[in-house]
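2 protein chains.
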Amino acid sequence: MSIIDSHSHVKQGAQEHFKRLQDDICRAVETIDGKETFTEDHWSHPTAGGGRARMLQDGAIFEKAGVNFSAVAAPLSENLATRLSVPLQNIFATGISLVMHPCSPMVPTVHMNLRYLELADGNAWFGGGADLTPYYLFPEDAQHFHAVWKAICDKYDSSWYPRFKKSCDEYFFISHRKEARGVGGIFFDYLKGDLDQLLEFVQDVGHGILESYIPIVERRRHEPWGEREKEWQKIRRGRYVEFNLIYDRGTLFGLETEGRTESILMSLPPEVKWPYDYRPEAGTREEALVTILQHPREWV
Amino acid sequence: MSIIDSHSHVKQGAQEHFKRLQDDICRAVETIDGKETFTEDHWSHPTAGGGRARMLQDGAIFEKAGVNFSAVAAPLSENLATRLSVPLQNIFATGISLVMHPCSPMVPTVHMNLRYLELADGNAWFGGGADLTPYYLFPEDAQHFHAVWKAICDKYDSSWYPRFKKSCDEYFFISHRKEARGVGGIFFDYLKGDLDQLLEFVQDVGHGILESYIPIVERRRHEPWGEREKEWQKIRRGRYVEFNLIYDRGTLFGLETEGRTESILMSLPPEVKWPYDYRPEAGTREEALVTILQHPREWV
Numbered sequence: 230m231s232i233i234d235s236h237s238h239v240k241q242g243a244q245e246h247f248k249r250l251q252d253d254i255c256r257a258v259e260t261i262d263g264k265e266t267f268t269e270d271h272w273s274h275p276t277a278g279g280g281r282a283r284m285l286q287d288g289a290i291f292e293k294a295g296v297n298f299s300a301v302a303a304p305l306s307e308n309l310a311t312r313l314s315v316p317l318q319n320i321f322a323t324g325i326s327l328v329m330h331p332c333s334p335m336v337p338t339v340h341m342n343l344r345y346l347e348l349a350d351g352n353a354w355f356g357g358g359a360d361l362t363p364y365y366l367f368p369e370d371a372q373h374f375h376a377v378w379k380a381i382c383d384k385y386d387s388s389w390y391p392r393f394k395k396s397c398d399e400y401f402f403i404s405h406r407k408e409a410r411g412v413g414g415i416f417f418d419y420l421k422g423d424l425d426q427l428l429e430f431v432q433d434v435g436h437g438i439l440e441s442y443i444p445i446v447e448r449r450r451h452e453p454w455g456e457r458e459k460e461w462q463k464i465r466r467g468r469y470v471e472f473n474l475i476y477d478r479g480t481l482f483g484l485e486t487e488g489r490t491e492s493i494l495m496s497l498p499p500e501v502k503w504p505y506d507y508r509p510e511a512g513t514r515e516e517a518l519v520t521i522l523q524h525p526r527e528w529v
Numbered sequence: 230m231s232i233i234d235s236h237s238h239v240k241q242g243a244q245e246h247f248k249r250l251q252d253d254i255c256r257a258v259e260t261i262d263g264k265e266t267f268t269e270d271h272w273s274h275p276t277a278g279g280g281r282a283r284m285l286q287d288g289a290i291f292e293k294a295g296v297n298f299s300a301v302a303a304p305l306s307e308n309l310a311t312r313l314s315v316p317l318q319n320i321f322a323t324g325i326s327l328v329m330h331p332c333s334p335m336v337p338t339v340h341m342n343l344r345y346l347e348l349a350d351g352n353a354w355f356g357g358g359a360d361l362t363p364y365y366l367f368p369e370d371a372q373h374f375h376a377v378w379k380a381i382c383d384k385y386d387s388s389w390y391p392r393f394k395k396s397c398d399e400y401f402f403i404s405h406r407k408e409a410r411g412v413g414g415i416f417f418d419y420l421k422g423d424l425d426q427l428l429e430f431v432q433d434v435g436h437g438i439l440e441s442y443i444p445i446v447e448r449r450r451h452e453p454w455g456e457r458e459k460e461w462q463k464i465r466r467g468r469y470v471e472f473n474l475i476y477d478r479g480t481l482f483g484l485e486t487e488g489r490t491e492s493i494l495m496s497l498p499p500e501v502k503w504p505y506d507y508r509p510e511a512g513t514r515e516e517a518l519v520t521i522l523q524h525p526r527e528w529v
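First to last, the protein sequences are chains A and B.
529 is the number that this note's numbering gives the last residue of the first sequence; the numbers go up by one with no jumps.
529 is the number that this note's numbering gives the last residue of the second sequence; the numbers go up by one with no jumps.
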């Protein structure tokens with residue numbers, strides 16, 4: 230699909246960047262996976278624009294990995310206009326979303342989303358974030374993940390990492406389970422100001438996903454695991470589904486506004502279990518993970 | 230758990246009925262399953278009352294079957310008061326909920342919920358319904374299921390079945406998939422009037438679940454199936470999860486009001502798959518099911 234033409238260089242720049250980023254990330258994921266490659270689907274939005282959805286399934290490392298680019302122009306819904314406290318008008322939105330569900334329960338799931346929104350009245354902002362969801366906790370992995378985000382944020386504003394880290398903990402929280410989805414990362418929204426500089430920041434975050442995640446995959450891919458660990462991964466993936474379908478604003482917004490269902494729900498894990506009232510035994514590694522999720526901590 | 234004492238005989242009667250009904254249904258399910266029995270959990274609500282949760286897992290016929298009774302008194306939340314257009318006050322709610330997920334993809338999943346709500350100001354009503362979710366369509370099963378509900382409704386008011394059938398089709402609709410959750414049944418809410426008569430109706434509906442569902446189980450339990458059919462069942466169960474977590478008012482209301490999470494989410498299937506953009510091949514029985522779900526029809 231072609232990008233939406235624009236006189237606004239940020240609008241143009243963001244689209245071009247997100248598309249290139251999708252290419253770069255997919256190439257890196259295919260290289261490390263070594264077995265499967267991405268398939269591609271192009272789709273059109275009912276009003277204007279559309280997306281390029283990429284999916285890799287049943288790889289050597291990734292059971293299900295989706296990396297989606299989209300650029301859409303549409304009238305603002307009344308709901309969204311109210312939430313944004315702006316009059317009804319057209320909105321332009323472009324973004325990239327990725328979720329990687331690895332086969333091995335020793336390799337964490339990762340999610341990243343970056344987006345640029347521009348109203349017809351000129352109001353514009355960036356949003357996005359990245360977070361890590363381990364099934365077994367290796368504290369050095371969480372530390373590495375957070376250190377990458379802190380270094381990127383610190384290049385721009387030393388107040389950003391603490392603020393975005395806190396927003397991430399608050400956002401990716403499963404209220405009805407009283408636990409976090411994972412060990413967090415960064416989350417930001419309505420980031421306004423010098424759009425050129427913000428686009429640079431968002432570009433850094435985009436490439437940061439490789440630096441933050443791929444070394445963890447390399448480190449854990451040969452970690453041994455068996456049926457017990459796979460079972461636990463499937464149960465924890467149930468929490469991921471609960472979060473995405475009950476709380477995730479992006480998911481619910483996408484479904485409400487008739488986005489492409491299969492692209493929005495690419496975030497759902499390939500195989501999930503919901504046994505009744507499952508609780509890990511005391512003193513196990515499974516219990517240790519849950520304890521950490523109930524008490525989000527500082528990692529760097 | 231003991232029931233909440235009350236001078237209102239309907240309040241008392243509804244609780245007693247729902248508890249007895251839970252006993253009757255569990256006994257019938259255990260008898261037909263023949264392998265596993267229900268475990269029982271008692272829980273207390275933060276304000277007053279609580280529930281008796283019963284779960285059967287890994288049976289010969291049922292992979293996961295939950296039958297829950299609860300009776301709770303609590304202050305109305307602002308949200309709910311607004312939705313009901315009533316002033317803030319205490320609300321009493323008692324009900325029974327069941328969801329049965331069979332092992333065999335040839336046996337449909339069934340759901341039933343019955344509830345009685347009473348406000349401190351005396352305003353009171355019944356709600357509930359039952360619906361069937363097949364993985365493979367046997368039209369005579371859908372016909373039998375609907376015929377039972379029609380007969381029960383017709384005993385009270387001949388306008389009820391058509392009305393409740395339509396409400397069911399509207400309620401159990403997965404908008405983002407543009408398909409129904411299953412072949413429907415009946416659904417009613419805010420049923421007010423002669424409460425004694427309505428309690429009788431609700432009692433009939435409660436026992437109707439055995440008459441409507443057990444013969445279908447008996448009929449389909451020996452139907453052959455293999456890996457392909459099991460796979461399809463797991464994919465379709467994904468739709469069940471999507472409905473319950475995104476749209477089901479009872480689920481979202483329960484989670485918001487800090488009901489017992491494991492009792493509310495007992496409705497989630499034991500094992501689920503989300504392959505990317507899966508579409509059944511043309512001319513298959515899987516495709517035939519989807520076609521029916523996209524075009525709800527009259528069964529009796």
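Note that the Cβ used here is the ideal one computed from N, Cα and C, for glycine as well.
From which residue to which residue does the beta strand (DSSP E) around A:Tyr534 run?
Nothing can be reported for residue 534 of chain A: it is not among the residues displayed for chain A, which extend from 230 to 529.
Assess contact between the stretch 385-397 of chain A and the stretch 465-475 of chain A, defined as three or more Cβ pairs (one per stretch) separated by less than 8 Å. Is contact present?
no
DSSP state of B:Tyr365, grouped into three classes?
As a first step, residue 365 of chain B must be located in the second sequence, where it is residue number 136. If DSSP states are grouped into helix, strand and coil, B:Tyr365 belongs with coil.
Nearest-angstrom Cα separation, counted from A:Ile290 out to A:Met329:
The residue given as residue 329 of chain A occupies position 100 in the first sequence. The residue given as residue 290 of chain A occupies position 61 in the first sequence. Their Cα atoms are separated by approximately 10 Å.
Candidates A:Gly512, A:Phe402, A:Arg466, of which the one nearest A:His524 by Cα:
On the first sequence, position 295 is the one that residue 524 of chain A refers to. Ranking the options by Cα distance to A:His524, first place goes to A:Phe402.
Is it true that the CB of B:Leu427 sits closer than 8 Å to the CB of B:Ile325?
On the second sequence, position 96 is the one that residue 325 of chain B refers to. On the second sequence, position 198 is the one that residue 427 of chain B refers to. Contact flag unset, no.
Around the Cβ of B:Ser441, are there at least 16 other Cβ atoms within 10 angstroms (buried) or fewer (exposed)?
What you label residue 441 of chain B is simply residue 212 of the second sequence in a count that begins at 1. Under this definition B:Ser441 is a buried residue.
Below-8 Å beta-carbon distance, B:Ile381 vs any chain A residue:
In the second sequence, the residue the question calls residue 381 of chain B occupies position 152. For B:Ile381, the answer is no, since every Cβ of chain A falls outside 8 Å of its Cβ.
Taking a cut of 8 Å between CB atoms, which residues from the stretch 262-288 of chain B lie near chain A?
Asp270, Met284, Gln286
Of the residues B:Asp262, B:Phe355, B:Arg514, the one placed nearest B:Trp454, counting alpha carbons only
Here residue 454 of chain B corresponds to residue number 225 of the second sequence, with the count starting at 1. Ranking the options by Cα distance to B:Trp454, first place goes to B:Arg514.
Tell me which residues of the stretch 403-415 of chain A have at least one Cβ-Cβ distance to chain B shorter than 7 Å, keeping chain order.
His405, Arg406
When you compare only the Cα positions, how much space is there between B:Glu516 and B:Asn319?
In the second sequence, counting from the first residue as 1, residue 516 of chain B sits at position 287. In the second sequence, counting from the first residue as 1, residue 319 of chain B sits at position 90. Looking at the two C-alpha atoms, the distance is approximately 48 Å.
Taking the alpha-carbon of A:Ala294 as reference, which of A:Arg526, A:Val258, A:Leu439 has the nearest alpha-carbon?
The residue you call residue 294 of chain A lines up with position 65 of the first sequence. The residue with the shortest Cα to Cα distance from A:Ala294 is A:Val258.
Are the C-beta of B:Glu500 and some C-beta of chain A separated by less than 8 Å?
What you label residue 500 of chain B is simply residue 271 of the second sequence in a count that begins at 1. Closer than 8 Å to some Cβ of chain A, the Cβ of B:Glu500 qualifies, so yes.
Looking at the structure shown, is B:Tyr505 part of a helix, part of a strand, or coil, going by DSSP?
Walking along the second sequence from the start, residue 505 of chain B turns up at place 276. Here B:Tyr505 sits in coil by DSSP.
Check the Cβ-Cβ distances between B:Ile475 and every residue of chain A, and say whether any is below 8 Å.
Residue numbering aside, residue 475 of chain B sits at position 246 when the second sequence is read from its first letter. So yes, B:Ile475 belongs to the interface.
Say whether chain B places a C-beta atom closer than 8 Å to the C-beta of A:Trp461.
Stepping through the first sequence from its first residue, residue 461 of chain A is reached at position 232. Chain B, which has no Cβ nearer than 8 Å to the Cβ of A:Trp461, makes this no.
For B:Thr213, return the contacting residues in chain A, with the cut-off set at a CB-CB distance below 9 Å.
The structure shown does not extend to residue 213 of chain B, since chain B spans only 230 to 529, so no value can be given for it.
Near-chain A residues of the stretch 292-306 of chain B (beta-carbon distance less than 9 Å), N- to C-terminal order
Lys293, Gly295
From A:Tyr390, A:Ile415, A:Tyr365, A:Glu307, pick the residue whose C-alpha is nearest to that of A:Arg457; which is it?
Here residue 457 of chain A is taken as the residue at index 228 of the first sequence, counted from 1. Considering only alpha carbons, the answer is A:Tyr365.
Spell out whether any CB of chain A is found under 8 Å from the CB atom of B:Leu522.
Within the second sequence, numbered from 1, the residue matching residue 522 of chain B stands at position 293. For B:Leu522, the answer is no, since every Cβ of chain A falls outside 8 Å of its Cβ.
State yes or no: is the beta carbon of B:Thr311 nearer than 8 Å to at least one beta carbon in chain A?
Stepping through the second sequence from its first residue, residue 311 of chain B is reached at position 82. No, its Cβ sits nowhere closer than 8 Å to a Cβ of chain A.
Would you grab the beta carbon distance between A:Glu292 and A:Pro509 for me? Rounded to a whole angstrom, and I think it's under 8 Å.
Here residue 292 of chain A is taken as the residue at index 63 of the first sequence, counted from 1. Here residue 509 of chain A is taken as the residue at index 280 of the first sequence, counted from 1. Going by Cβ atoms, the distance from A:Glu292 to A:Pro509 rounds to 22 Å, so no, they are not a contact pair.
Would B:Phe417 and B:Gly356 qualify as a contact pair, given that the criterion is a beta-carbon distance under 8 Å?
On the second sequence, position 188 is the one that residue 417 of chain B refers to. On the second sequence, position 127 is the one that residue 356 of chain B refers to. Their beta carbons are under 8 Å apart, which means B:Phe417 touches B:Gly356 by this criterion.
Less than 8 Å between the C-beta atoms of B:Lys248 and B:Phe321, yes or no?
Mapped onto the second sequence, residue 248 of chain B falls at position 19. Mapped onto the second sequence, residue 321 of chain B falls at position 92. Not closer than 8 Å, so no.
Using CA coordinates, which residue listed in B:Thr486, B:Ala310, B:Tyr419 is at the minimum distance from B:Leu343?
For this step, residue 343 of chain B is matched to residue 114 along the second sequence. Of the listed residues, the one whose Cα sits closest to B:Leu343 is B:Tyr419.
Would A:Arg256 be called buried (16 or more neighbouring beta carbons within 10 Å of its own) or exposed?
Taking the first residue of the first sequence as position 1, residue 256 of chain A is located at position 27. Exposed: under 16 other Cβ atoms inside 10 Å.
Examine chain B for any beta-carbon lying closer than 8 Å to the beta-carbon of A:Val470, and answer yes or no.
As a first step, residue 470 of chain A is located in the first sequence; it is residue number 241 there, counting from the start. Yes, because at least one Cβ of chain B sits closer than 8 Å to the Cβ of A:Val470.
Extract the residue ranges of the beta strand (DSSP E) inside the stretch 273-299 of chain A, only unbroken runs of 3 or more that lie entirely within it.
277-286
4 or more residues per run - each alpha helix (DSSP H) lying fully within the stretch 293-350 of chain B
307-313
Secondary structure of A:Met230, DSSP reduced to three states
Here residue 230 of chain A corresponds to residue number 1 of the first sequence, with the count starting at 1. Its pLDDT being 48, under 50, A:Met230 is placed unreliably by the model, and nothing is read from it.
Determine whether the beta carbon atoms of B:Gly411 and B:Pro334 lie at a separation below 8 Å.
By one-based count along the second sequence, residue 411 of chain B stands at place 182. By one-based count along the second sequence, residue 334 of chain B stands at place 105. Not in contact: B:Gly411 and B:Pro334 (Cβ atoms no closer than 8 Å).
Answer yes or no: does any C-beta atom of chain B fall closer than 8 Å to that of A:Leu497?
For the purposes of this step, residue 497 of chain A is taken as residue 268 along the first sequence, with counting starting at 1. Yes, because at least one Cβ of chain B sits closer than 8 Å to the Cβ of A:Leu497.
Mind listing which residues of the stretch 504-517 of chain B have their C-beta closer than 8 Å to chain A's C-betas, in chain order?
Pro504, Tyr505, Asp506
For A:Arg465 and A:Glu408, I'd like the C-alpha separation in whole angstroms.
By 1-based counting over the first sequence, the position of residue 465 of chain A is 236. By 1-based counting over the first sequence, the position of residue 408 of chain A is 179. Approximately 12 Å between the Cα atoms of the pair.
Please name the residue, chosen from A:Val339, A:Gln372, A:Ala353, A:Glu347, that lies closest to A:Ala359 on a Cα-to-Cα basis.
Taking the first sequence and counting its residues from 1, the one referred to as residue 359 of chain A is at position 130. When each option's Cα is compared against that of A:Ala359, the closest is A:Val339.
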